[in-house]
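Its first residue numbered 14, the sequence shown is counted upward by one per residue in our numbering.
Note that the Cβ used here is the ideal one computed from N, Cα and C, for glycine as well.
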Amino acid sequence: MAWSETGFVPARDSALISVAPLCFNLYNNFMARIDITHLSPQERLDLIGELWDSLDVDTVPLTSAQAAELGRRRSTLDADIENGDDAHDVIAELRSRHS
14 MAWSETGFVP ARDSALISVA PLCFNLYNNF MARIDITHLS PQERLDLIGE LWDSLDVDTV
74 PLTSAQAAEL GRRRSTLDAD IENGDDAHDV IAELRSRHS
C-alpha cells in the first residue's frame, strides 16, 4: 500500500525510519570525536579540500540545476576553447601586473 501524495511506501520506508535513530547516533558519535576547533582557518580550508578530493565524482548527487549547467557548459566547451587565451600568456600577464 502506497500513499501517492507523500511517496511513503510502508514496506520500504518503515525500514529507513527504524534505522534513522541509529544513523543519527552514529553521526553524532563520529562528529563528537573530531574536534576541529583548534584548527586555523587555513587548516580548515585544507581539510575541506582533502574531503572534497576524496569524493568519487560518480557518487556525488547533482541537483537538476547543476546537471543542466554542466550540460550547457559541455555543449559550449569547444566554442569556448577557441575564444580563450593561452594559459602561459595569461600567467605571464598576471605575473607582470603583480611583480
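Can you tell me the Cβ-Cβ gap for Leu52 and Leu60, rounded? I've got them flagged as a contact below 8 Å. 7 Å
Whose C-beta lies closer than 8 Å to the C-beta of Leu75 among residues of the same chain, with five residues either side of it excluded? Leu83
What's the gap between the Cα of Arg46 and the Cα of Asp71? 29 Å
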